[in-house]
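>
Residue numbers (our numbering): 17 to 269.
1. Taking 6 Å as the limit between beta carbons, can you name the residues of its chain near residue 120, skipping five residues before and five after?
2. Using the rule of at least 16 other Cβ atoms within 10 Å of the residue's Cβ for burial, across every protein chain shown, is residue 27 buried or exposed?
3. Using only the alpha-carbon positions, how far apart do residue 258 and residue 242 sit?
4. Taking one C-beta from the region 174 to 182 and one from the region 153 to 162 each time, how about it: are there three or more such pairs within less than 8 Å?
5. Please classify residue 139: does DSSP put it in a helix, a strand, or coil?
6. Which partner residues does residue 255 have in the DSSP bridge list?
7. Given that a residue counts as buried once 16 or more other Cβ atoms are within 10 Å of its Cβ, and exposed if not, what is residue 71?
8. What are the boundary residues of the beta strand (DSSP E) that residue 228 is part of?
9. Are the region 179 to 188 and the region 231 to 251 in contact at 8 Å, needing three or more beta carbon pairs?
10. Check the C-beta distance from residue 227 over to residue 213 and give it rounded, since I have them as a contact under 8 Å.
11. Go through the region 31 to 85 residue by residue and report every complete run of the alpha helix (DSSP H) that reaches 4 residues or more, in order.
12. Within this structure, are the beta carbons of residue 99 and residue 108 separated by less than 9 Å?
13. In the DSSP assignment, find the unbroken alpha helix (DSSP H) run with residue 176 in it and report its ends.
14. According to the Cβ coordinates, are residue 264 and residue 116 closer than 9 Å?
15. According to DSSP, what are the bridge partners of residue 236?
16. Counting Cβ pairs closer than 8 Å, one from the region 125 to 144 and one from the region 194 to 212, do we hit at least three?
17. Whose CA, out of 219, 256, 91, 209, lies closest to the CA of residue 235?
18. Any idea which residues DSSP pairs residue 262 with across the strands?
19. Roughly how many whole angstroms lie between the Cα atoms of residue 55 and residue 182?
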């Protein structure tokens with residue numbers, strides 16, 4: 017029985033290493049294709065690699081390949097996805113800023129407070145990292161309270177410290193809740209079509225409102241069939257066909 021378990025464990029390890037080697041080979045081929053100017057092949061290979069594993073580096077490289085191909089919408093989409101994994105990476109943030117300066121549509125900052133808080137925090141930490149910090153703070157608070165119970169001389173210090181840690185933990189949990197809500201319930205998105213007509217209802221028979229262009233960003237409000245209702249950072253709303261846009265969160269809350 018023990019021998020069977022050992023064989024199974026070895027088999028799993030060999031399979032995992034084989035998959036990793038295959039992924040590395042695909043990314044190397046993608047990098048080579050990019051270096052030779054074959055951006056379409058590089059895009060295809062990076063997307064193939066992302067089907068097996070999602071991480072910030074792959075999304076960033078895919079964004080670079082799309083940018084080199086002149087596709088601002090998909091480039092910004094993948095840079096934004098990369099930022100979900102590596103929010104403090106300066107190259108990713110610079111790439112996002114660069115495309116926002118180049119695109120046809122210009123927008124003001126986030127109009128809604130919860131979006132502003134979520135976007136500001138997401139530039140520094142991921143939801144997962146906030147959860148880890150929250151767990152550390154909770155553990156520290158529990159340890160301080162335990163210390164106060166065991167040592168009477170530390171009781172006052174423990175009480176004050178626990179209150180302070182509790183306030184910080186509450187703020188952290190609130191921030192984490194905001195980020196999770198925005199990313200899962202009202203995620204951001206990017207227009208990937210060169211030009212798209214915005215309607216005042218979910219269909220082409222409704223009144224046309226205005227045009228959006230490649231790399232325009234928005235927040236999803238709701239979806240009805242093949243149409244998505246959104247809000248822009250300047251407060252304008254409308255409906256757009258789902259085949260003209262892509263949402264930013266991709267297997268990541």
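Glycine included, C-beta positions come from ideal geometry on N, C-alpha and C.
Taking the coordinates as given:
1. Position 104 of the chain shown, counted from the start, is the residue given in the question as residue 120. Only residues of its own chain outside the window of five on either side were considered, and among them 229 have a CB closer than 6 Å to the CB of residue 120, listed in chain order.
2. Translated into the one-based positions of the chain shown, residue 27 becomes position 11. Confidence at residue 27 is low in this model, with a pLDDT of 42, below 50, so its placement is unreliable and the value that follows should be read with caution. Burial call: exposed.
3. Working through the chain shown from its first residue, we reach residue 258 at position 242. Working through the chain shown from its first residue, we reach residue 242 at position 226. Answer to the nearest angstrom: the Cα atoms are 5 Å apart.
4. The region 174 to 182 makes contact with the region 153 to 162; the number of CB pairs closer than 8 Å reaches 3 or more.
5. As a working note, residue 139 is residue 123 in the chain shown. DSSP places residue 139 in coil when its eight states are reduced to three.
6. Residue numbering aside, residue 255 sits at position 239 when the chain shown is read from its first letter. DSSP lists 215, 245 as partners of residue 255.
7. Taking the chain shown and counting its residues from 1, the one referred to as residue 71 is at position 55. In the assembly as shown, residue 71 is an exposed residue. Its beta-carbon has fewer than 16 other beta-carbons within 10 Å.
8. Mapped onto the chain shown, residue 228 falls at position 212. Bounds of the beta strand (DSSP E) holding residue 228 are 224 to 229.
9. Under the Cβ criterion (8 Å, minimum of three pairs), the region 179 to 188 does not count as touching the region 231 to 251.
10. Here the question's residue 227 lines up with position 211 in the chain shown. Here the question's residue 213 lines up with position 197 in the chain shown. Contact holds; Cβ gap of about 6 Å.
11. The region 31 to 85 contains these whole alpha helix (DSSP H) runs: 55 to 68, 72 to 85.
12. For the purposes of this step, residue 99 is taken as residue 83 along the chain shown, with counting starting at 1. For the purposes of this step, residue 108 is taken as residue 92 along the chain shown, with counting starting at 1. One thing to note: residue 99 has its Cβ within 9 Å of the Cβ of residue 108.
13. Translated into the one-based positions of the chain shown, residue 176 becomes position 160. For residue 176, the enclosing alpha helix (DSSP H) starts and ends at 171 to 201.
14. The residue labelled residue 264 in the question sits at position 248 within the chain shown. The residue labelled residue 116 in the question sits at position 100 within the chain shown. The answer is no: Cβ separation not under 9 Å.
15. Within the chain shown, the letter at position 220 stands for residue 236. Residue 236 is bridged by DSSP to 246.
16. Cβ pair count under 8 Å is three or more, so yes.
17. Indexing the chain shown from 1 puts residue 235 at position 219. The shortest C-alpha separation from residue 235 is found at 256.
18. Taking the first residue of the chain shown as position 1, residue 262 is located at position 246. Looking at the DSSP assignment, residue 262 forms a beta bridge with 206.
19. For this step, residue 55 is matched to residue 39 along the chain shown. For this step, residue 182 is matched to residue 166 along the chain shown. Taking C-alpha positions only, residue 55 is separated from residue 182 by approximately 51 Å.
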